[in-house]
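Here's the structure, in structure tokens; my notes come after.
Number of protein chains: 2
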Amino acid sequence: MEYQALFSPRGVAVVGSASPGKLANVLIHRLIEGGCENIYAVNPKGAGVGPVPGVSSFAPLKNLVDLAVIAAPAATVKNVLTDCGKAGVKAAVIITSGFSEIGNAAAEEEVLAVARQYGIRFIGPNCAGLVSTQSKLVATLETSPPQGNIALISQSGAVGGVFMALAKEQGLGISKFVSFGNGPDLSVIELLQYLKEDKETNVIALYLETVTQGREFMRVVRDVTLKKPVIVVKSGRTDTGQRAALSHTGSMAGSDKVFDAALKQAGAIRVESLEEMLDLCNGFSYLPPLSGKKVMILTNSGGPGVMSADKADQAGLVVADPSPDLKAALQAFLPVHAGVRNPIDLTVEGTGEEYQKSLEQALKEYDAALVLYIGTPYLRAMPVAEGVAIAAAGSRKPVVSVLQVGSDLSESLHFLRNHRLPVFPSGERAVRVLAYMAEYEAYKTRQLTVPAVAGDERCLAGKPSLLEPEAMALLQKNGIPIPEYYFAKTREEALDGCHTLGYPVVMKVVSPDILHKSDCGGVVLNIDSDDKAAQAFQTIQTATAGCDFCGVIIYPMLKGGREVILGLTRDLQFGPVLAFGLGGIYTEVLQDIALRVAPVSREEAREMIASIRTYPILQGVRGQAKADLDALADAIAAFSQLPFHYEDIREADLNPVFVFPEGLAVADARIVGAKA
Amino acid sequence: MEYQALFSPRGVAVVGSASPGKLANVLIHRLIEGGCENIYAVNPKGAGVGPVPGVSSFAPLKNLVDLAVIAAPAATVKNVLTDCGKAGVKAAVIITSGFSEIGNAAAEEEVLAVARQYGIRFIGPNCAGLVSTQSKLVATLETSPPQGNIALISQSGAVGGVFMALAKEQGLGISKFVSFGNGPDLSVIELLQYLKEDKETNVIALYLETVTQGREFMRVVRDVTLKKPVIVVKSGRTDTGQRAALSHTGSMAGSDKVFDAALKQAGAIRVESLEEMLDLCNGFSYLPPLSGKKVMILTNSGGPGVMSADKADQAGLVVADPSPDLKAALQAFLPVHAGVRNPIDLTVEGTGEEYQKSLEQALKEYDAALVLYIGTPYLRAMPVAEGVAIAAAGSRKPVVSVLQVGSDLSESLHFLRNHRLPVFPSGERAVRVLAYMAEYEAYKTRQLTVPAVAGDERCLAGKPSLLEPEAMALLQKNGIPIPEYYFAKTREEALDGCHTLGYPVVMKVVSPDILHKSDCGGVVLNIDSDDKAAQAFQTIQTATAGCDFCGVIIYPMLKGGREVILGLTRDLQFGPVLAFGLGGIYTEVLQDIALRVAPVSREEAREMIASIRTYPILQGVRGQAKADLDALADAIAAFSQLPFHYEDIREADLNPVFVFPEGLAVADARIVGAKA
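Heads up: the protein sequence lines correspond to chains E and A, in order.
So the first sequence is numbered by full-length UniProt numbering: it starts at 1 and just counts up by one.
So the second sequence is numbered by full-length UniProt numbering: it starts at 1 and just counts up by one.
In structure tokens:
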């Protein structure tokens, strides 16, 4: 309901000084130019603007106005909103700045309280407004784009402005634009939910600088992307502080990396620049879904064809040669000098008809086609554009075009756009779009489930961390394989333990004071006799003198497995986050880590395992046996549930875990509680 | 001399049918439009074109014409060139196709022979012609760009056409354009040598599909890049065949990777697309050299500023905050709401004067600046452009600008261009240019020398490969550290050897038939007694029965070092190529290899070592000692000389080499001769 008031209001009140050059005045002009009707200027003087009547209060507007666009001074916004509420206004766009962005959070809270009181929903404050092209509502200072099916939600008004200016330049149509500013009321999350159902919108573009309520954001994005693509630019990727956070497993979840993982898990497409975002919007806005990765490149010039093929290959598309049948079909009508491979090179003599027929044939076999036309000032592109349009119309597969150099490029460009055929500035950019489209379809068919989580147990009983035997017991209870172990408080118990487990064994100190056991002589490996066991106990006790010594934990020596690391931490925005990598140097030097927002299913755990660069090592190289990846996936999935079962776990590291050809065992565990 | 005939001819003869629509006719029109004088049409009918007189033979043109532009049928080109020669023509552009590109190499040879006979130099055949803007020579069908200081050499006429069309669009000026086509006479190498000295040219752009005479090409590029930047696009990067070649060390030199290494060694900048190439030309064409990596970003909007900072950071630039002094200087005139960090955010209220003053202050401390102006349809960019121009004029440091959204962008864009200040479509693209410019300056100051190589010895005496003791002796002779070893033909000799070296030892089969010694039981490790030595000898002899058994080689067991691999192979175009990587999984799974065209100096070897991702492992992680990188660099440099000293070495692998905290030792060597 409130969305109709926001995007298709019966009447719009613009609040603020209506003098020429003032914000409210400009906004009114923009609304008029956009074709909006039933506009009212609200200001103390009751001054109108051109055909727009002015009033000095909301009283006369009762039930005439659904939306207030507020450009009044910050100090007055609260009272304006009260008046709005009394007059039955249901939605507001608060352009005015001077709230939480300059530290004035209290004023923003007050505005929110008034809005809640009267049931008003609003965007802003400190925003650049909104656009709803279908209802001819241009309530922004930014460029007004043509109508279309791309929605843009932007945390930065300026970025929104640049996006829309570029969209207009490129002939891309917008359904809705929302600059949400500080966003204490209508958030990205709610706007995404609305846009999911919005019939005017087929593609959603999102510019973000910060994310709040990460898990809810993720849930909604996951929901939306099953229906419509969501393309995201988030800035602040390389904040020095974030990189500094990557120092050890638990905190490898530097928050931009977490955001990146969350977006991928939720099926959104993160890109690096507005240019890429617009290219993708162009593709998704016009093209049918891409059902596979096989792309035919059709060109009239070798060089640009090869450059596009290179890029397509790098981007994961398949530039396979035509089948013998297709080759024969092409050779039946193409001249001998044409190259019938992939790219098909029609040479500079390629005609519109040859483009058309080749494309018709190719689209029977390929999932998509890239058409390159490189002219000279003396060649005409229109016959080619016409041929492409005919061929594309007879197929339900994506066709992207590139037109470079020629006397009639602009005419051909518009002709193709009018036939809903996107044109890109270069073959490299066109194939990048196809590659993302193929990935999006693959994501949609993958259908990974998010495991249910439940439980509000606690496991630390207020202690800063679990002792190793406690941690091992907890893991075992939660289905994560651990080795046999023996907890011994005295030398005699230790010897008993060694006998129970059988030599050789490893012995480690158990103390709440000691986090890095190896560093202080608290670990003895390869103990193979009673003498050595007794000596080890003595060594450990001596080495850790001064600490609260609880005893030792004894394991059989583990051998022949691959070492991996599992980590869990709690991200401020996304909650529990899971890290996985190979042990030792691979994690430390190569930073070859897979991150996911927890929990993950067994299937997602398998994807995680396969996503690291060093995956072949787990699969077995140089004659080594393959690690038990099913057992590993099960352990990862089970481990990812821990912070949900036990709300007092802040961080957990299993480092290392030995993965054997059959089964696995956790060789060390650190489980740390929430800070008091 | 011939270059003056090519680029500034006294007269130009265009050869071929002059009928309307024919190639020669169009070429004549283009020459006239370009402002060229003294044009003659040469065709059997002696037909002129407009003001251009026609002649039916070259006889009347004797000593009037330096350059012939030939668009006559392929079969006639040889005779045309003969006539040219007799009339004193010194240079030719052969547009005509139908030569080696369609398999007709013989005709091309004939044309070359005639040209040599008469001392004519030519570009083409099968080319798109040339442009020399200074002498108003437009002998091409492609777009004619404005005059400027960028030279373009392109193997593809169409790519050249696209480049020039885009250059014109972006207001970039060209000095020379050469499409060299099949290029049997004037090659890229000679053209580069000419452009190095060409006063009209400050930047060289190069589009290549294939490279011949790789080492000579590299030598010339190295020479040119010390004076002018060379920016290269080479297509065919991901040819499936090339990837297939990456299966083992020796052939890791898939030729595109070699090309990539060669370009880097020679100081050229390889980019992936024409877009990037044009961006770089824009930067290098207008900007003073970038002396460091510290960049200030000056913006009136947060989002685009952060996006540019992200990209700058990723590209290796330094986006450091201002010093306290600079902060104070900025705060002295900026309003309180402006953000005085990096980026400096003047906010939407930023004035031209604030841009100017901030830039003036920032350029005192930073090596370069990026100016972002994000307007709305109601803001004017001109005051900002004027402020930027004033500040930039007072500094010798590079200033790049981005103008987005606004009522007068085009005016401001032209204003900045007229002040030789490049403008880019986005901050991301602008900082990418700055990053490349910084790298280029760093390359120029690095001044690595190429070691002299000499020698025409042979070491294989016609054998397919050296036996291991022979290979070890050769390495030792060439200054590459090897372990002590003992070559034993009998069990008795083997026992003597063990005693000489001292246990424990390793014993390996020596046989010309066995390349992979471990795979067939030909290696026994950890031999620590006479019994085991005797048994090992027996085992090896039995395991390798049927092979030509020459004996065994015995080494002390090597321990405690890091394993690295060195490989040498001969690339078809670039000759000896050197590969370096960490042993085992790192090379095999991670393909973490450094490649260089050999030979390399000690300093370049150090760069090679530091360039692999796993370099930290050699530096010592987790408390392990640092490997002796000086010794390794010396060994790499010495190894890289081998194929020059011994012309019959085709491939060599040292795998592994143990690098110790002090010194190193080659633990296995394979040296293979040229195929008979």
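Glycine included, each C-beta is placed from N, C-alpha and C at the ideal position.
Between residue i and residue j, what straight-line distance do the alpha-carbon atoms span, to the nearest angstrom?
i, j, result
"residue 738/A", "ILE150/A", "Outside the displayed range of chain A (1 to 676) lies residue 738/A, so it cannot be described from this structure."
"VAL278/E", "GLY350/A", "The sequence shown places Leu at residue 278/E, not Val. If I take the Cα positions, the gap works out to 27 Å."
"ALA669/E", "MET472/E", "7 Å"
"ASP648/E", "LEU568/E", "13 Å"
"GLY119/E", "GLY85/E", "8 Å"
"GLY241/A", "VAL402/E", "Here the model assigns GLY241/A a pLDDT of 33, short of 50, so the residue's position is not dependable, and the following value carries that caveat. GLY241/A and VAL402/E: Cα-Cα distance of roughly 27 Å."
"GLY620/E", "GLU457/E", "39 Å"
"LYS532/E", "ALA579/A", "48 Å"
"SER407/A", "ALA158/E", "15 Å"
"ALA637/E", "GLY583/A", "34 Å"
"MET548/A", "GLY581/A", "First, the residue type needs correcting, since residue 548/A is Asp and not Met in the sequence shown. Computed Cα separation, rounded: 32 Å."
"MET252/E", "LEU112/E", "Confidence at MET252/E is low in this model, with a pLDDT of 38, below 50, so the placement of that residue should be treated as unreliable; the coordinate-derived value is given next. Near 37 Å, if we compare the C-alpha coordinates of LEU112/E and MET252/E."
"GLU142/E", "GLU353/E", "43 Å"
"ARG219/A", "ALA605/A", "19 Å"
"SER410/E", "ALA18/E", "41 Å"
"ALA245/A", "ALA594/A", "Residue placement at ALA245/A is poorly supported in this model, since its pLDDT is 32, which falls under 50; the coordinates still yield a value, given next. If I take the Cα positions, the gap works out to 16 Å."
"LEU413/E", "VAL388/A", "35 Å"
"LEU642/E", "LEU558/E", "25 Å"
Measuring CA to CA, which of the options is closest to residue i?
i, options, result
"LEU629/A", "ILE617/A, ARG622/A, SER640/A, GLY623/A", "ILE617/A"
"GLN193/E", "ASN182/E, ARG222/E, ASP653/E", "ARG222/E"
"PRO20/A", "ALA13/A, GLY567/A, ALA47/A, PRO469/A", "ALA47/A"
"ASN63/E", "PRO73/E, VAL89/E, LYS45/E, ASP310/E", "VAL89/E"
"VAL65/A", "GLU365/A, VAL306/A, PRO288/A, ALA91/A", "ALA91/A"
"residue 728/E", "ARG491/E, ILE565/E, SER410/E", "In this structure chain E extends from 1 to 676, so residue 728/E is not present and cannot be described."
"TYR586/E", "ILE540/E, GLU604/E, GLY521/E, ASN655/E", "ASN655/E"
"ARG562/A", "PRO304/A, ALA625/A, LYS517/A, GLU604/A", "ALA625/A"
"LEU81/A", "PRO398/A, PRO125/A, LEU595/A", "PRO125/A"
"LYS227/E", "HIS499/E, THR445/E, LYS397/E, ASP519/E", "THR445/E"
List the residues of chain E that residue i touches, going by C-beta distances under 7 Å, in chain order.
i, result
"SER235/A", "GLY303, VAL306, MET307, ASP310"
"LEU370/A", "Near LEU370/A there are no residues of chain E at all, since even the closest Cβ is about 15 Å away, more than 7 Å."
"ILE616/A", "First, the amino acid is wrong: residue 616/A is Pro here, not Ile. Simply VAL589."
Assuming the contact rule is C-beta atoms closer than 8 Å, residue i and residue j should be a hit. Round their C-beta distance to whole Å, please.
i, j, result
"SER273/A", "VAL211/A", "About 19 Å; that fails the 8 Å criterion."
"PHE180/E", "ILE123/E", "5 Å"
"VAL453/A", "LEU370/A", "Actually they do not touch by this definition, with Cβ atoms about 44 Å apart."
"VAL506/E", "VAL523/E", "7 Å"
"LEU61/A", "ALA87/A", "5 Å"
Under 9 Å Cβ-Cβ, which residues of chain A neighbour residue i?
i, result
"GLU275/E", "PRO425, SER426, GLU428, ARG429"
"GLU209/E", "GLY302, GLY303, VAL306"
Residues of chain E with a CB under 8 Å from the CB of residue i: which are they?
i, result
"VAL26/A", "TYR378"
"GLU142/A", "THR376, PRO377, VAL405"
Please list the partners that residue i has in chain A, where partner means a Cβ-to-Cβ separation under 7 Å.
i, result
"ILE585/E", "ILE617, VAL621"
"ARG613/E", "LEU590"
"VAL159/E", "GLY303, PRO304"
Check the Cβ of residue i against every Cβ in chain A and list those closer than 8 Å, keeping chain order.
i, result
"SER156/E", "SER301, GLY302, GLY303, PRO304"
Residue i versus chain E: which residues are under 9 Å apart at the beta carbon?
i, result
"GLY352/A", "In chain order: nothing, as chain E lies at least about 18 Å away."
Task: Segment contact, 8 Å Cβ cut-off, at least three pairs: the stretch 199–206 of chain E with the stretch 170–185 of chain E - done: Short answer: they touch.
Task: Inter-stretch contact at 8 Å, needing at least 3 Cβ pairs: the stretch 155–165 of chain E / the stretch 42–55 of chain E - done: Too few Cβ pairs lie closer than 8 Å, so no.
Open item on the list: With three or more beta-carbon pairs closer than 8 Å as the criterion, would you say the stretch 107–116 of chain E touches the stretch 25–39 of chain E?
Closed with: Too few Cβ pairs lie closer than 8 Å, so no.
Open item on the list: Check whether the stretch 6–19 of chain A and the stretch 132–146 of chain A touch, using three or more Cβ-Cβ pairs below 8 Å as the test.
Closed with: In short, these stretches touch, since the Cβ pair count reaches three.
TODO: Decide if the stretch 423–438 of chain A is in contact with the stretch 310–317 of chain A; the criterion is three or more beta carbon pairs, one per stretch, under 8 Å apart.
DONE: Contact between the stretch 423–438 of chain A and the stretch 310–317 of chain A is present, because at least three Cβ pairs lie under 8 Å.
Task: Three-pair Cβ contact test at 8 Å for the stretch 327–338 of chain E versus the stretch 252–267 of chain A - done: With the cut-off at 8 Å, the stretch 327–338 of chain E and the stretch 252–267 of chain A do not touch.
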